[in-house]
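Chemist: I'd like to ask some things about the structure below.
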Amino acid sequence: MNETTLDTLEPGEKAKILKVRVKGSSIRRKLFDMGMVAGSEIELLRRAPLGDPLEFKIKGYNLSIRKMEARDIFVQKIE
Numbered sequence: 001m002n003e004t005t006l007d008t009l010e011p012g013e014k015a016k017i018l019k020v021r022v023k024g025s026s027i028r029r030k031l032f033d034m035g036m037v038a039g040s041e042i043e044l045l046r047r048a049p050l051g052d053p054l055e056f057k058i059k060g061y062n063l064s065i066r067k068m069e070a071r072d073i074f075v076q077k078i079e
């Protein structure tokens, strides 16, 4: 299995979320409420000019999160 973290995706790459290990119950809850759950398909749309935040497409809508949060979300790239 090719497991990596969400912050390593390049624009246009798609992945399947495997696990969310974000610290802090409020941030974790916010991400779950926005669809960041195991099994969801996600695509990196773009990075901000300085690399933070990252914009993703998940469950039909766009979501921006910090690179720090993306480092704690483990995914498997979809070829």
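In our numbering, the protein residues as written are 1 to 79. In this text, a Cβ means the ideal position worked out from N, Cα and C, and glycines have one as well.
#1: Hey, could you find the ends of the alpha helix (DSSP H) K30 is sitting in?
#2: What's the gap between the Cα of R28 and the Cα of V22?
#3: According to DSSP, is A70 part of a helix, a strand, or is it coil?
#4: By the three-class DSSP mapping on this structure, what secondary structure does L6 have?
#5: Relative to the C-alpha of E47, which candidate in K77, G24 and L9 has its C-alpha closest?
Modeler: Answer, in terms of the structure:
#1: DSSP places K30 inside the alpha helix (DSSP H), whose first and last residues are S25 to D33.
#2: Approximately 6 Å, taken between the alpha carbons.
#3: Per DSSP, reduced to three states, the secondary structure at A70 is helical.
#4: Reduced to three states, the DSSP call for L6 is helix.
#5: According to the sequence shown, residue 47 is Arg rather than Glu. Ranking the options by Cα distance to R47, first place goes to L9.
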